[in-house]
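Asker:
Residue numbers (the numbering used here): 2 to 173.
#1: Quick one: what does DSSP say residue 166 is sitting in, helix, strand or coil?
#2: With the cut-off set at 8 Å, would you say residue 167 and residue 126 are in Cβ contact?
#3: Could you name the residues of the same chain whose beta carbon sits closer than 7 Å to that of residue 46, not counting the 5 residues immediately before and after it, in chain order?
#4: Give the DSSP-derived three-state secondary structure of residue 159 in the structure shown.
#5: Taking the alpha helix (DSSP H) that residue 145 falls in, what are its first and last residues?
#6: On the three-state DSSP scale, how would you describe residue 129?
#7: Please state the DSSP three-state secondary structure of residue 95.
#8: May I ask you to report which of helix, strand or coil DSSP gives residue 22?
#9: Shortest alpha-carbon distance to residue 164 belongs to which of 119, 136, 133 and 141?
#10: Mark residue 121 as exposed unless 16 or more other C-beta atoms lie within 10 angstroms of its C-beta, in which case mark it buried.
See below:
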């Protein structure tokens with residue numbers, strides 16, 4: 002092993018429990034938490050092969066936040082389409098609904114899809130700041146500390162995210 006991999010190995014041993022706990026609190030699945038912690042460290046390894054990282058811990062939690070968002074998105078898509086795959090297509094066409102709530106649900110789903118598409122158009126740093134604020138309930142100061150930037154930068158990222166989502170939503 003070289004010095005970089007020894008250093009990463011030490012970093013992994015020191016921070017593994019914190020990362021697994023981070024994932025476990027959000028996803029409530031020990032196996033997924035361990036898998037995503039491992040994925041986080043692999044991404045740090047690949048990142049450091051391109052160049053040194055100033056703050057590995059901040060990078061680790063930045064990556065972890067993105068992995069949580071990606072995992073939740075994937076699970077949402079699976080849940081949405083898995084039952085439909087079990088039902089034959091002609092059965093699905095035969096099930097029509099005149100319920101006004103169905104129309105409202107469809108409109109809400111379309112709004113959510115538009116917001117999701119808008120968020121995917123933004124850089125990772127904006128999405129992560131927004132996620133940590135809106136979903137995790139962290140303050141701008143806490144987010145800044147986690148990501149290694151100032152509170153003002155976080156405020157700008159979140160403002161940019163909100164502005165972009167509003168503009169995208171108005172297009173629909």
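A virtual CB, placed ideally from N, CA and C, is assigned to each residue, including glycine.
Answerer: In this structure, then:
#1: Along the chain shown, one-based indexing puts residue 166 at 165. Helix.
#2: Taking the chain shown and counting its residues from 1, the one referred to as residue 167 is at position 166. Taking the chain shown and counting its residues from 1, the one referred to as residue 126 is at position 125. Result no, Cβ atoms of residue 167 and residue 126 do not sit closer than 8 Å.
#3: The residue labelled residue 46 in the question sits at position 45 within the chain shown. Correct list, in chain order: 9.
#4: For the purposes of this step, residue 159 is taken as the residue at position 158 of the chain shown. Note: residue 159 maps to helix in three-state DSSP.
#5: The residue you call residue 145 lines up with position 144 of the chain shown. Counting along the chain, the alpha helix (DSSP H) containing residue 145 begins and ends at 141 to 148.
#6: As a working mapping, residue 129 is identified with position 128 in the chain shown. Helix.
#7: Position 94 of the chain shown, counting from 1, holds the residue named residue 95. Only weak support is given to the placement of residue 95: the predicted model assigns it a pLDDT of 43, under 50, and the value that follows is read from those uncertain coordinates. DSSP places residue 95 in helix when its eight states are reduced to three.
#8: The sequence position of residue 22 within the chain shown is 21, counting from 1. Looking at residue 22 - three-state DSSP - the assignment turns out to be helix.
#9: Taking the chain shown and counting its residues from 1, one reaches residue 164 at position 163. Among 119, 136, 133 and 141, the Cα nearest to that of residue 164 is on 119.
#10: Your numbering for residue 121 matches position 120 in the chain shown. It counts as exposed.
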